[in-house]
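Structure first, then comments.
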Amino acid sequence: MRLVFANSAWVNAAERLILRGGSWKNVGLRVRYGLFFHPAAGPVLVDTGYTPEALSGDRRGLMLRLYGALLKPDLNAEEQVLPVLRRFGLSPDDIRAVIVTHFHADHISGLSLFRNARFIASDAAWGRVKARTRRQNLRHGVFTELFPPDFEARLEGLSAKRGVQTREDVPGGADLFDDGSVIAVDLPGHADGQFGLLFNGLHRPLLYAVDAQWLLTALIENRTPGFPATLIAEEAAAIEPTSAMLRRFLSTGGEVMLCHDPAPTPYDLAPEVS
Ligand SMILES: [Zn+2]
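Per UniProt numbering, residue 1 is the first one in the sequence shown, and the count goes up by one each step.
Here it is in structure tokens:
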């Protein structure tokens, strides 16, 4: 199964905010999203990355405007989701499924572009979004204006999927396509309902661990950042156990990929040759 990741935007952060014992120098973080070609489900997106909807859309509330102004993501025009789909000969209407790993803006910003897609996401977390006020959602980093109005009608919740455990070093998860190829694995800590994706069928098993950490170094060297990063975590105490699970997976030959780590990976799209 072909799997690629693209970088929708660059975001700068001081290293010490994302790496315990780091320096004040700025690190240019990627904002990845994925695309894979499932034999039965067709082309499937993993999140959407940052798109202009999060940064300039008329529907943005005041907090989302403020958030865009603070983080100043620098959109990467070449690797925005629409031009990347075009590289593969696809239009947004060809996408029948988007896996939504969690509900932060840099993961859901482009959902409205995909009119024919079902959204594979945590229905439990969605239930909590609905139960919260707009202001409470903002405190969880969720900007509800970014969800398409019919999000719930197109939601395919994890709770309806078969639970499987395919490896001893990774907890069981939801078998997204009922064939063992892509397993949603809970990654508590960073955001409400965040899950990663275990791709078992690759030459080396890959766990896309999304935002479990910002930097692979923080994961590998056990350098989870403390305050103030803990302030924006959904459940700061869960970050370390989640990271320990990922380290076990690495130590048994697995590969871990993060959304924001700056180093290129073998799955990142090569720059387009013009
Ligand atoms: Zn996030």
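Note that CB positions come from ideal geometry on N, CA and C, so glycine has one too.
| query | Between P39 and V256, what straight-line distance do the alpha-carbon atoms span, to the nearest angstrom? | reply | 23 Å
| Taking the Cβ atom as the reference point for each residue, do L155 and F119 lie within a distance shorter than 8 Å? | yes
| field | 8 Å Cβ cutoff met for F114 and I99 | value | no
| Say the cut is 7 Å; is the CB of H140 nearer than that to a heavy atom of ligand 1? | no
| message | Suppose you measure from the CA of R248 to the CA of P266; what does that come to, to the nearest Å? | response | 21 Å
| Is the beta carbon of D211 within less than 7 Å of some heavy atom of ligand 1? | yes
| Which class does H38 belong to by DSSP, given the choice of helix, strand or coil? | Look at H38 here: in three-state DSSP terms it is strand.
| Between the region 75 to 83 and the region 160 to 169, do three or more beta carbon pairs fall short of 8 Å? | No: the two stretches stay apart, fewer than three of their Cβ pairs being nearer than 8 Å.
| task | Compute the minimum distance between the beta carbon of A270 and the heavy atoms of ligand 1, and state whether it is under 7 Å. | result | no
| said: For a test of the three-state rule: what should DSSP assign to W24, helix, strand or coil? | reply: coil
| Contained alpha helix (DSSP H) runs [length at least 4] in the region 102 to 151, N- to C-terminal order | 105 to 108, 123 to 131 and 134 to 139
| Any idea if L82 is buried or exposed, counting beta-carbon neighbours within 10 angstroms, 16 or more meaning buried? | exposed
| query | What residue range is occupied by the uninterrupted alpha helix (DSSP H) comprising F249? | reply | A236 to S251
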